[in-house]
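J.:
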Amino acid sequence: AQSVSQHNHHVILSEAASLELGCNYSYGGTVNLFWYVQYPGQHLQLLLKYFSGDPLVKGIKGFEAEFIKSKFSFNLRKPSVQWSDTAEYFCAVNPYSGGYQKVTFGTGTKLQVIP
Amino acid sequence: NAGVTQTPKFRVLKTGQSMTLLCAQDMNHEYMYWYRQDPGMGLRLIHYSVGEGTTAKGEVPDGYNVSRLKKQNFLLGLESAAPSQTSVYFCASSSNRLAGGETQYFGPGTRLLVL
Chain B
5 AQSVSQHNHH VILSEAASLE LGCNYSYGGT VNLFWYVQYP GQHLQLLLKY FSGDPLVKGI
65 KGFEAEFIKS KFSFNLRKPS VQWSDTAEYF CAVNPYSGGY QKVTFGTGTK LQVIP
Chain E
3 NAGVTQTPKF RVLKTGQSMT LLCAQDMNHE YMYWYRQDPG MGLRLIHYSV GEGTTAKGEV
63 PDGYNVSRLK KQNFLLGLES AAPSQTSVYF CASSSNRLAG GETQYFGPGT RLLVL
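Protein chains in written order, with our numbering: chain B, 5 to 119; chain E, 3 to 117.
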């Protein structure tokens with residue numbers, strides 16, 4: 005079964021600082037990868053996803069993530085964070101092997117951006 | 003479109019009481035899911051459905067039952083609530099898995115407190 009590790013549980017940054025959140029997964033086959041975001045008091049929404057093709061994926065609000073297959077990683081980055089980026093971020097993996105394969109979520113990283 | 007809606011938004015139960023959480027989606031999605039979110043544990047899949055009339059167990063199914071009598075609705079039942087079921091419950095839906103890399107669309111969540 006697949007698993008997802010998010011090593012940073014709580015990150016505190018000042019506005020304009022650069023962000024990188026780590027995500028590693030364990031699964032030997034083809035995968036689809038996602039980053040979801042949950043703003044305070046809101047439901048989860050998709051930030052970006054990797055399905056195939058260019059391993060550098062760009063999402064909403066200036067976020068991007070790079071899929072490095074050899075490292076089983078899908079780290080999330082943003083060059084300059086804003087106070088409005090304060091949220092919890094979840095990495096998720098979905099094996100693609102034909103038939104239904106469930107999505108597994110990481111435990112989440114809480115990002116707090118200080119003005 | 004309303005997307006994914008959940009009823010109720012908040013509920014307090016006494017140990018041993020039963021209740022049903024309702025999830026509805028208006029996007030004609032085949033797949034629907036119930037997750038629970040607990041601090042430090044991310045999202046864990048309770049049950050899911052790949053189509054009307056079908057359900058399957060997820061990662062933490064014990065103490066819950068589900069039904070998908072209509073394509074747009076997915077009900078989560080607690081027959082005898084326990085304090086360990088205090089959590090935030092999220093419903094999600096996605097389109098046909100065969101296309102790969104489907105985004106899950108989440109509802110606003112239901113906060114359940116079991117005393």
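Backbone N, C-alpha and C define an ideal beta-carbon position, used for all residues, glycine too.
1) Taking DSSP's pairing of strands, which residues face E/F12 in a bridge?
2) Please list the partners that B/L107 has in chain E, where partner means a Cβ-to-Cβ separation under 7 Å.
3) Where DSSP assigns a beta bridge to B/G66, which residues make up the other side?
4) Within 10 angstroms of its Cβ, does E/T1 collect 16 or more other Cβ (buried), or is it exposed?
5) Spell out a yes or no on whether the stretch 76-87 of chain E and the stretch 15-28 of chain B are touching, meaning 3 or more CB-CB pairs, one atom from each, closer than 8 Å.
6) Who does E/K59 pair with in a DSSP beta bridge?
7) Under 8 Å between the Cβ atoms of E/L23 and E/T112?
8) Nearest CA to the CA of E/C25: which residue from E/S51, E/T88, E/G44, E/M43?
9) Applying a beta-carbon distance threshold of less than 7 Å, which residues of chain E neighbour B/T90?
10) Nearest-angstrom Cα distance between B/V8 and B/Q49?
11) Please state whether DSSP places E/Q87 in a helix, a strand or coil.
12) Can you name, in chain order, every residue of its own chain whose Cβ lies under 7 Å from the Cβ of E/G53, other than the five neighbours on each side?
13) Would the stretch 14-23 of chain E count as touching the stretch 88-103 of chain B if we require 3 or more Cβ pairs under 8 Å?
14) Have a look at E/F76, E/V116, E/L115 and flag the residue whose alpha-carbon is nearest the alpha-carbon of E/T1.
15) For B/L23 versus B/K82, is the C-beta distance shorter than 8 Å?
T.: Based on what the coordinates show:
1) For E/F12, which the question treats as bridged, DSSP gives the partners E/R113.
2) The sequence given here places Val at residue 107 of chain B; Leu does not occur at that position. Proximity of chain E to B/V107 at the Cβ level (cut-off 7 Å) is accounted for by Q106, in chain order.
3) Note: B/G66 sits in no beta bridge, so no partner.
4) Summary: the structure shown does not reach residue 1 of chain E, with chain E confined to residues 3 through 117, and so no result is reported for it.
5) These segments do not touch.
6) Its beta-bridge partners are E/H49.
7) With contacts defined as CB atoms closer than 8 Å, E/L23 and E/T112 qualify as a contacting pair.
8) Comparing Cα-Cα distances from E/C25 to each of E/S51, E/T88, E/G44, E/M43, the minimum goes to E/S51.
9) Within chain E, no residue comes near B/T90; the closest Cβ sits about 17 Å away, beyond 7 Å.
10) So the alpha carbons of these two residues sit roughly 18 Å apart.
11) DSSP places E/Q87 in helix when its eight states are reduced to three.
12) Hits under 7 Å: E32.
13) Because the criterion of three Cβ pairs below 8 Å is not met, the stretch 14-23 of chain E and the stretch 88-103 of chain B do not touch.
14) Residue 1 of chain E is absent from the structure shown; chain E starts at 3 and stops at 117.
15) Less than 8 Å divides the Cβ of B/L23 from the Cβ of B/K82.
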